[in-house]
Amino acid sequence: MTDIEPDLKQLGDRVVTDIFAMGENVEDPNNYPRLQQYDAWCRRVDEITVAQGWKDLNDVAAEEGLVSIAYERHHGEYSRIYQFAKGYLYSPSAALYSCPLSMTDGAARVMEVYGSKDMKQKYYPRLISRDPKVFWTSGQWMTERPGGSDVSRTETLAELVDAKENKWKISGFKWFSSATTADMTMLLARTIDPDTGLVQQGSRGLSLFVAEMRKPDGQLNGVRVHRLKDKYGTKGLPTAELELNGMEAHMVGQPGRGVATIASILNITRIYSAVGTLCSLRRCLAIAKDFALKRQVGNRTLDKTPLHITTLARLELIFRASAQISFYAVQLLGRTECLPENDPQRQQDMEVLRLLTPIAKAYVCRICVDAISETMEALGGQGYMEEIGIGKNLRNSQVNTIWEGTTNVLALDVLRVLQKSKGAALKTFAEVMDKKIQVALTSSPMVFTDAAQRIRSSLKDIIVFVNEHQRSATVEIHMREVTFALGRVTAATLLMEQAAWALTNSVAGAEQDVAALNQWCQNSQFSKPLVAVGLDTILQEAKMVFGPDAKL
Ligand code: UCC
Numbered sequence: 009m010t011d012i013e014p015d016l017k018q019l020g021d022r023v024v025t026d027i028f029a030m031g032e033n034v035e036d037p038n039n040y041p042r043l044q045q046y047d048a049w050c051r052r053v054d055e056i057t058v059a060q061g062w063k064d065l066n067d068v069a070a071e072e073g074l075v076s077i078a079y080e081r082h083h084g085e086y087s088r089i090y091q092f093a094k095g096y097l098y099s100p101s102a103a104l105y106s107c108p109l110s111m112t113d114g115a116a117r118v119m120e121v122y123g124s125k126d127m128k129q130k131y132y133p134r135l136i137s138r139d140p141k142v143f144w145t146s147g148q149w150m151t152e153r154p155g156g157s158d159v160s161r162t163e164t165l166a167e168l169v170d171a172k173e174n175k176w177k178i179s180g181f182k183w184f185s186s187a188t189t190a191d192m193t194m195l196l197a198r199t200i201d202p203d204t205g206l207v208q209q210g211s212r213g214l215s216l217f218v219a220e221m222r223k224p225d226g227q228l229n230g231v232r233v234h235r236l237k238d239k240y241g242t243k244g245l246p247t248a249e250l251e252l253n254g255m256e257a258h259m260v261g262q263p264g265r266g267v268a269t270i271a272s273i274l275n276i277t278r279i280y281s282a283v284g285t286l287c288s289l290r291r292c293l294a295i296a297k298d299f300a301l302k303r304q305v306g307n308r309t310l311d312k313t314p315l316h317i318t319t320l321a322r323l324e325l326i327f328r329a330s331a332q333i334s335f336y337a338v339q340l341l342g343r344t345e346c347l348p349e350n351d352p353q354r355q356q357d358m359e360v361l362r363l364l365t366p367i368a369k370a371y372v373c374r375i376c377v378d379a380i381s382e383t384m385e386a387l388g389g390q391g392y393m394e395e396i397g398i399g400k401n402l403r404n405s406q407v408n409t410i411w412e413g414t415t416n417v418l419a420l421d422v423l424r425v426l427q428k429s430k431g432a433a434l435k436t437f438a439e440v441m442d443k444k445i446q447v448a449l450t451s452s453p454m455v456f457t458d459a460a461q462r463i464r465s466s467l468k469d470i471i472v473f474v475n476e477h478q479r480s481a482t483v484e485i486h487m488r489e490v491t492f493a494l495g496r497v498t499a500a501t502l503l504m505e506q507a508a509w510a511l512t513n514s515v516a517g518a519e520q521d522v523a524a525l526n527q528w529c530q531n532s533q534f535s536k537p538l539v540a541v542g543l544d545t546i547l548q549e550a551k552m553v554f555g556p557d558a559k560l
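For the numbering used here, count along the sequence shown from 1 and bump the result up by 8.
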């Protein structure tokens, strides 16, 4: 482990120098991605030009091992923490290059778990290479025009070309393809039965495919780039609408299991989304703190002004809580990838991680984006200026509440886990949280009694509520609040674990860790009861929003 700290330090130095400059180059409007569809002879070329900084960020990412560290596994189950710690440093300076990295990471995991022997030889080593000349990034194409999160409406079709070679031709339209300049992609398509010519509708008719972006002669592999998206943020990241016309591809995993297979990618990119928003908040808070130390208001600086201190402290608390949740997910991801398959600890970790991932994505992204907006306010008019950098971070973070599933889609994923496990997932989750509370209580009973009582009571209320409602027809209505309540309780438990560890080991800042825990648990939101809502209330709300004629 002695190699990790110096490596983090050298990367920390780079992110404020050359990596920062690369990110600024990408964020320069003169360098935003451009699409050239035709050459001088009116031949279709569909070339996307990106900033030099974008290419440099790719090379740095490969050299720094931002994907590979997780798969080299030199540090066993801690490799993921090491990798995400580096990503956490890199991301706020890297103008969203963490987007292609996250999808590449997910694709590497799919290749490792589901890839054929050929795929493991051809793609996996590239996705995890540290050599920029060998390193490939992967896209992930799901979204289509008729449905975003509802992939059951997918229109793209896959036709079998050669069963022995597992060769398919894919045609259709992908409405959002992030980081379109990637070297390969993972995509969902609906298979045409080679015997009957029939197509199975719904999401069970979808399979996962891997395809290279270009053919060996350098031509695009049956892809036409219709246009680049004009987005609110992530301006340097090329996102395109793609028409697929006979794209050569190979099926990954079982036919009809496309959604379940691509979920391995989603469960990784969703953690990237949480960590990505978290580290943007850290960057913006650092700017706000620095400003507070220097800005004179009346006869004192802002850091001596109680109202300003308490505002920043609330944001710091959101940061600490979010850091706990996000890196707990990272820790579990590392453990589930490294522990032996039959290890009971791994089974438990997998159960907890499956529930925690959508909670982390939904809750952390939501509260951190709101907090980033407030850091802007903490600088007054200066915060609103582009040069300061908060605006860029806010725009680029906002997408994390949307891509890879919006807050509500993630809340429904929490419901999917609760229902599929018939309540077992929540039970395991509660047991794991309770064990952490018990350890903290045993170490310092006097310090943690009040917080422990609050967390346990809150957790119990959530379980009672979920058990009461999970089979009701109106359960979906409550899932956003349940997800957020689980997020608050998870953060509280982990803040307690942190404080207990800091006290036991006499770590500097232990008192502040205890204060953070107590503030978190004493907040009125923390003990806010979950209130059941009926369809009559929703109808009232629908009329309020859409007018008196609205119906359900
Ligand atoms: O936006 C995109 C690219 C952006 C790049 C982002 C980079 C982020 C980096 C940040 C850096 C700062 S790509 C588009 C993203 N799209 C989505 O995320 C889709 C959102 N929609 C959903 O998540 C939906 O809930 C669906 C697509 C999963 C719903 O599909 P279905 O088929 O209707 O769902 P089912 O029928 O419930 O699930 C099918 C199977 C089930 O397994 P079986 O068949 O064994 O029962 C589910 O349990 O899939 C399983 N499953 C999962 N398993 C579904 N979701 C998961 C999951 N998350 N984990 C494990």
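For each residue, glycine too, the CB sits at the ideal point set by N, CA and C.
{"Item": "Identified DSSP bridge partners for residue 116", "Value": "For residue 116, which the question treats as bridged, DSSP gives no partner whatsoever."}
{"Item": "The beta strand (DSSP E) enclosing residue 220, as first and last residue numbers", "Value": "214-220"}
{"Item": "CB contact flag (residue 371, residue 236, <9 Å)", "Value": "no"}
{"Item": "Segment limits, beta strand (DSSP E) that includes residue 143", "Value": "Neither: residue 143 is in no beta strand (DSSP E) and is coded neither H nor E."}
{"Item": "The ligand UCC heavy atom lying under 8 Å from the CB of residue 86", "Value": "no"}
{"Item": "Boundaries of the beta strand (DSSP E) in which residue 170 is found, first to last residue", "Value": "165-170"}
{"Item": "Residue closest to residue 39, alpha-carbon to alpha-carbon, out of 160, 61, 465", "Value": "61"}
{"Item": "Length of the line joining the Cα atoms of residue 561 and residue 320", "Value": "Because the chain here runs from 9 to 560, residue 561 falls outside it and cannot be looked at."}
{"Item": "Residue of 107, 327, 416 minimising C-alpha distance to residue 294", "Value": "327"}
{"Item": "Close-in-space but distant-in-sequence residues of the same chain around residue 33 (CB under 7 Å, 5 per side omitted)", "Value": "39, 59, 60, 61"}
{"Item": "Rounded separation between residue 342 and residue 91 - CA only", "Value": "10 Å"}
{"Item": "Strand pairing of residue 181, partner residues [DSSP]", "Value": "251"}
{"Item": "Exposed unless 16 or more other CB atoms sit within 10 angstroms - verdict on residue 206", "Value": "exposed"}
{"Item": "Buried/exposed call for residue 393, threshold 16 Cβ in 10 Å", "Value": "exposed"}
{"Item": "Extent of the continuous beta strand (DSSP E) to which residue 53 belongs", "Value": "52-57"}
{"Item": "Among 167, 269, 420, the one whose alpha carbon lies nearest that of residue 200", "Value": "167"}
{"Item": "Neighbourhood of residue 291 by C-beta distance below 7 Å, restricted to the same chain and skipping five residues each side", "Value": "100, 401"}
{"Item": "Backbone secondary structure at residue 410 - three-state DSSP", "Value": "coil"}
{"Item": "Per-residue DSSP class, three states only, for residue 45", "Value": "strand"}
{"Item": "Residue 69 versus residue 75: straight-line alpha-carbon distance, rounded", "Value": "8 Å"}
{"Item": "As assigned by DSSP and simplified to three states, the class of residue 484", "Value": "helix"}
{"Item": "Three or more C-beta pairs below 8 Å linking the stretch 182-195 and the stretch 142-162", "Value": "yes"}
{"Item": "Whole-angstrom distance between residue 286 and residue 366, CA atom to CA atom", "Value": "15 Å"}
{"Item": "The stretch 126-145 contacting the stretch 381-388, beta-carbon criterion three pairs below 8 Å", "Value": "no"}
{"Item": "For residue 384, the residue or residues it bridges with in DSSP", "Value": "None, per the DSSP bridge assignment."}
{"Item": "Beta-carbon contacts of residue 340 that lie in its chain and below 7 Å, excluding the five residues immediately before and after", "Value": "357, 360, 361, 364"}
{"Item": "DSSP three-state assignment for residue 318, whether helix, strand or coil", "Value": "helix"}
{"Item": "beta-carbon residue 240 near the ligand UCC non-hydrogen atom, thresh 8 Å", "Value": "no"}
{"Item": "Counterpart residues of residue 259 in DSSP-defined beta bridges", "Value": "217"}
{"Item": "Residue 264 and residue 407 closer than 9 Å at C-beta", "Value": "no"}
{"Item": "Bridge partner(s) assigned by DSSP for residue 197", "Value": "215"}
{"Item": "Cβ-heavy atom distance, residue 428 to the ligand UCC, below 8 Å", "Value": "yes"}
{"Item": "8 Å contact criterion, which residue 449 and residue 497 should meet: CB distance rounded", "Value": "Contact flag wrong, Cβ pair sits at about 16 Å."}
{"Item": "Heavy atom of the ligand UCC within 8 Å of residue 408 beta-carbon", "Value": "yes"}
{"Item": "Endpoints, alpha helix (DSSP H) assigned at residue 82", "Value": "Segment: none, residue 82 is in no alpha helix (DSSP H) and carries neither H nor E."}
{"Item": "Assumed close pair residue 250, residue 233 - CB separation to whole angstroms, cut-off 8 Å", "Value": "6 Å"}
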